[in-house]
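Undergrad: Can you keep this structure in mind? I'll have questions shortly.
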Amino acid sequence: MGFTYEQDVEKDAQGETSPSTGNESALRSRRSKRGQARDIQRQLQDEGATPDLDDVEGRVINKPGIVAPEDGANLRDAPRPGDGSTVESHMPFGTRVFVGQEVPGGWYEVTHVDGRQGYIAANRVKTDLPEPGARLHRIGSGESAIGIAEGEYGQLVRPGQDLRFYVNVLEYVNRGEGDRGIYRAGGDDWEDTRTRAGYLIWLPSPTFAQTLEGIVDDGSITNGAWARAKEVASDVAEFALGIGGAVAGVLHGAAACLADILLGIADLVALAWDVLESIFTGSIIADIKALWAALSTLDWQALVEGWIDGFVAKWNHEDIFEKWHFRGWVVGYVLMEVALAFLSFGAVTGAKWVGKAAKAAKAIAALPRVQSVLKPIKTLKNVPDELLKALKGGKKPKTPDKPELPRDRSPDSERSPEHERAPESDSDQTHETHPPKSPRFTQREADDLMLSSEGRPGVTVKKNGDRPVGHSGDHVPPEGASVDEVKALAMSRSHKLNTTVYMDRAHAKRDLSKILNDNADALDALKPGQKLKLQGNSDNYRRGYNSVQGAEPDLVEWRDTFAVFERLDDDTLHLVTFSPIDFLPVVKN
Amino acid sequence: MPALFTAYSETLAELRVTGDEGSITVRRDGDLLYIGEPGRPVFCLEHPDPDDAWGVYHEENPRFVAGGWPDEAGVAWLKGSAARRGLGLIDRLPAGDYILVRSDLKARAVQHLLMGNELVERPIWGAQLLADADLRVNVFGAAADRPPTLQQPLLGAPILNLANRLTGIFFFEMAPAATPEAEARVEADDLVLVVPRVGPLVLNTMEPFSADRHRIALDEWARDGASQAANRLARRP
Chain A
803 MGFTYEQDVE KDAQGETSPS TGNESALRSR RSKRGQARDI QRQLQDEGAT
853 PDLDDVEGRV INKPGIVAPE DGANLRDAPR PGDGSTVESH MPFGTRVFVG
903 QEVPGGWYEV THVDGRQGYI AANRVKTDLP EPGARLHRIG SGESAIGIAE
953 GEYGQLVRPG QDLRFYVNVL EYVNRGEGDR GIYRAGGDDW EDTRTRAGYL
1003 IWLPSPTFAQ TLEGIVDDGS ITNGAWARAK EVASDVAEFA LGIGGAVAGV
1053 LHGAAACLAD ILLGIADLVA LAWDVLESIF TGSIIADIKA LWAALSTLDW
1103 QALVEGWIDG FVAKWNHEDI FEKWHFRGWV VGYVLMEVAL AFLSFGAVTG
1153 AKWVGKAAKA AKAIAALPRV QSVLKPIKTL KNVPDELLKA LKGGKKPKTP
1203 DKPELPRDRS PDSERSPEHE RAPESDSDQT HETHPPKSPR FTQREADDLM
1253 LSSEGRPGVT VKKNGDRPVG HSGDHVPPEG ASVDEVKALA MSRSHKLNTT
1303 VYMDRAHAKR DLSKILNDNA DALDALKPGQ KLKLQGNSDN YRRGYNSVQG
1353 AEPDLVEWRD TFAVFERLDD DTLHLVTFSP IDFLPVVKN
Chain B
84 MPALFTAYSE TLAELRVTGD EGSITVRRDG DLLYIGEPGR PVFCLEHPDP
134 DDAWGVYHEE NPRFVAGGWP DEAGVAWLKG SAARRGLGLI DRLPAGDYIL
184 VRSDLKARAV QHLLMGNELV ERPIWGAQLL ADADLRVNVF GAAADRPPTL
234 QQPLLGAPIL NLANRLTGIF FFEMAPAATP EAEARVEADD LVLVVPRVGP
284 LVLNTMEPFS ADRHRIALDE WARDGASQAA NRLARRP
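This is the structure:
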């Protein structure tokens, strides 16, 4: 019993109402109730080979929605009111959700950007947004059109786009049948704009509102102009708008993968989802932007070849939400394959890449960002034996104790850019020109420090309440990473101006151990809660890749690094961060 | 406060302040820097690691600058600019060398501000003045609930090595925000920017990492960087 996105779309196009197979739908609708899910799945099995989940089949919508009633809406674990389902959380007025489908009985299946999924009564969610970034506003008593415009767009005011312009924008996007919350009284000038207290109106996003210059000023708006403006707005912050669809897609794709890999054995599917749900709704969703930045560099068309028909059209679908739901679906499916490999063997090395997404799974399993979000799998306890047995197919992993990343180990792929440089020659650590005579910190210890740095909270409370965490892994690739993996790591942080990544982890180990040994006394004297910021200076130029805001990286070189250490409450030394600094582009002759 | 004002052109002037009694101070507490009157600063800056963003926060119960600037030549040089109030700032600067700039740059309500090696969501009280490849300039208002009004001399804090080799300057309103009615008049007027060349307001992301490198960076800023940046800020189309 397989499932593909292709089938999903086809069924919808043919007027069939099922967006997915029973197992996936069951997971989507009942994912948080392990016992309940298992009971239902068991019941379904008893009733026949093909589950008939009338209660969750519906019409695909794949659009953003906004909770409209002032008292919000309940997110339920099943499309049933009252005691027929459990209220999982309350979503206040204005909450933005992604509406996957409408199911019989007047319910929307929704996904929140934080990964929560469930059902909301359809009459409590508005899906007719004038543009994807719009939000709802209830007009208060005495609130004027210009007052709303000032509050919402006051900071954008500039010549040609003053508050009168934004009043016109508000009036236009809220036009429609019946009494409107904002309307023209008599004339067609901005001064004729009036409001009705208690009515809901759409507030277009500032980005979108600005694109309407020249369209709303004279009131001569045409449908064509409106469509053009919508396109402009959608391009501006596409991922920000599409993220709701992407999140829903990841969860839907993950569920579909489970159903495929476990051959539709309902009990096992429910069991596996119970085990892995927290990973997918936790670390993966929390890191979705950075994860996408890392994954977007891959050639997905090549990776899914032979698996999904019409891939390119779906990947670049003209509807922003269809597009991002599909992209999320593919990523979720593939991530689930990798997650199952981690779960089975504790690493990906021993994995039998047998799923339909095997090619893509192998490719993304090597990415540091993927390993990072799936790392919590290694700490999962009480994984049912029956699940492990099913996943492993009764075979043991080849080398579970010494995991290796699947990668291209050819010398060319690993070292060619490094070999271009002249000044450095350090393939063996004995070539180091200034090794400490009696190093108190070995390179192995430096490596351990970098490994333990990842995601570990520090103790110093910052002004904004955040606790610093280690992130040397943003600048140091895994052992033996290929050039492509180094580049992908450099491109994984689009919110940073610069992300510079060592070409070779061995160099990072050497540089960090030098900093440690040069400052051993100061580090020893560090007391719990104290931080030490140090600059390092390598004897040789190092090379790596630098990406500016996630763009295609450039080859750069440097000698300076910085490191921040912190002594934790348990007296262990914590590496907050370690990174190249003062780098320059490598100019090729 | 002993101070020597010298106007070089319509857009550039120099101010040399000696002594520090009663001046605005920069107080350091670990990673935090407080800017303003002693004990009642207006802003707090969080000094990050070079990979992260600087934090800028409003302090509770600040003492804003008040009073005027007794230097007649200086006041005459400011005439016609946006600095209609808050001139007491110039009279309260800590000891150091400053370049005063009349700038026709406009505050831009961009979506993100570069605050270090990180782009952060622009707060409503922040704006961007300049986004060149090697110089980023942001401005922050005194009121937390509205954009900066800019009708006062703006106190600069150059941040060397803001992001790798890129330099940043953060400007601050140190007097209460203007009324909305007054905002409309500021658009065409020159901003008045106080750019520290030497003194405690010159900051450096790499300072905690290497004392030697910090000294070198300060020297380079005093010798060349400050005047180059001031010329950039003062440029006319």
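Quick mapping for you: the protein sequence lines, in order, are chains A and B.
Positions 803 to 1391 (this note's numbering) are the ones given, in order, by the first sequence.
Positions 84 to 320 (this note's numbering) are the ones given, in order, by the second sequence.
Glycine residues also receive a C-beta, built at the ideal position from the N, C-alpha and C atoms.
Keep in mind it's a predicted model, so treat the numbers as computed, not measured.
(1) Once DSSP output is grouped into helix, strand and coil, what is the label at N244/B?
(2) So, with DSSP's three-state summary, where would you put L213/B?
(3) Strictly below 8 Å CB to CB, what residues from chain B border V1366/A?
(4) Would E904/A and R861/A be called neighbours here (beta carbons separated by less than 8 Å)?
(5) What in chain A is Cβ-close to A192/B, meaning under 7 Å?
(6) So that I know if they touch, is there some Cβ in chain B lying closer than 8 Å to that of N1300/A?
(7) Per DSSP, M893/A is paired with what?
(8) Check T89/B in the structure and name its three-state DSSP category.
(9) How many Å lie between V1175/A and A1096/A at the Cα?
(10) If the cut-off is 8 Å on Cβ atoms, which residues from the stretch 1336-1357 of chain A count as contacting chain B, listed in chain order?
(11) Give every residue of the same chain whose Cβ lies closer than 6 Å to the Cβ of A1192/A, excluding the five residues on either side of it in the sequence, and list them in chain order.
(12) Please state whether the Cβ-Cβ distance between L283/B and G179/B is less than 8 Å.
(13) Within 10 angstroms of the Cβ of E1368/A, are there 16 or more other Cβ atoms? Answer buried if so, exposed if not.
(14) Enumerated in chain order, which unbroken segments of the beta strand (DSSP E) with a length of 3 residues or greater are wholly contained in the stretch 162-229 of chain B?
(15) With a threshold of 8 Å, are at least 3 pairs of Cβ atoms found where one atom belongs to the stretch 1345-1354 of chain A and the other to the stretch 1364-1379 of chain A?
(16) What does F292/B reach in chain E if we use C-beta pairs closer than 7 Å?
(17) Using a C-beta cutoff of 8 Å, does D879/A count as contacting chain B?
(18) Buried or exposed: where does R878/A fall if 16 or more other Cβ atoms within 10 Å of its Cβ makes it buried?
(19) Indicate the three-state DSSP secondary structure (helix, strand or coil) for R926/A in the structure shown.
(20) If the cut is a Cβ gap below 8 Å, which residues of chain A does L218/B touch?
(21) Below 7 Å on C-beta distance, what does S1315/A contact in chain B?
(22) According to DSSP, simplified to helix, strand and coil, what is V333/B?
(23) Would the beta-carbon of D1121/A be found less than 7 Å away from any heavy atom of the ligand NAD?
(24) From what residue to what residue does the alpha helix (DSSP H) around N1319/A run?
(25) Could you name the residues of the same chain whose beta carbon sits closer than 7 Å to that of S92/B, not counting the 5 residues immediately before and after it, in chain order?
(26) Within 10 angstroms of the Cβ of H939/A, are there 16 or more other Cβ atoms? Answer buried if so, exposed if not.
(27) For E201/B, go through chain A and note every residue whose CB falls closer than 8 Å to its CB, in chain order.
(28) Determine the DSSP secondary structure at K1413/A, reduced to helix, strand or coil.
(29) Using a Cβ-Cβ cut-off of 7 Å (strictly less than) and excluding sequence neighbours within five positions of N976/A, which residues of its own chain qualify?
(30) Among residues of its own chain, excluding the 5 on either side of I33/B, which ones have a beta-carbon nearer than 8 Å to its beta-carbon?
(31) Could you tell me which of T232/B, L213/B and D154/B sits nearest to V100/B, measuring between CA atoms?
(32) Output, in sequence order along the chain, the residues in the stretch 220-232 of chain B whose CB is closer than 7 Å to any CB in chain A.
(33) Looking only at its chain, what residues have a beta carbon closer than 7 Å to the beta carbon of V1288/A, apart from the 5 residues adjacent to it on each side?
(34) Which word fits D857/A, buried or exposed, when buried means at least 16 other C-beta atoms lie within 10 angstroms of its C-beta?
(35) Take E945/A as the anchor and find which of A999/A, V901/A, A880/A and E933/A has the nearest alpha-carbon.
(36) May I ask which residues mark the beginning and end of the beta strand (DSSP E) holding Y1343/A?
TA: By the coordinates alone:
(1) strand
(2) strand
(3) D132
(4) yes
(5) Q957 and L958
(6) yes
(7) A875/A
(8) strand
(9) 12 Å
(10) L1336, Q1337 and Q1351
(11) L1070
(12) The amino acid at residue 283/B is misidentified as Leu; the sequence shows Pro. For P283/B and G179/B, yes; Cβs fall inside 8 Å.
(13) buried
(14) 179-186, 195-197, 202-204, 209-214 and 218-223
(15) no
(16) You won't find chain E in this structure, because its protein chains are A and B.
(17) no
(18) buried
(19) helix
(20) What L218/B touches in chain A: nothing, since even the nearest Cβ is about 13 Å away.
(21) Per Cβ cutoff of 7 Å: no residues; S1315/A is ~18 Å from chain B at best.
(22) Past the boundaries of the shown model lies residue 333/B; chain B is included only from 84 to 320, so the question cannot be answered.
(23) Among the components of this structure there are no ligands whatsoever, and the ligand NAD is therefore not found.
(24) R1307 to D1320
(25) none
(26) buried
(27) H1297, K1298 and L1299
(28) Residue 1413/A lies beyond the range of chain A shown here (803 to 1391); nothing can be said about it.
(29) R982, G983, I984, I1003 and W1004
(30) The shown model of chain B, from 84 to 320, leaves out residue 33/B, and the question about it has no answer.
(31) D154/B
(32) P230
(33) P1279, V1303, M1305, G1346 and Y1347
(34) With a pLDDT of only 39 at D857/A, under the threshold of 50, the placement of this residue in the model should not be trusted; the figure read from the coordinates follows. That one is buried.
(35) A999/A
(36) K1333 to V1350
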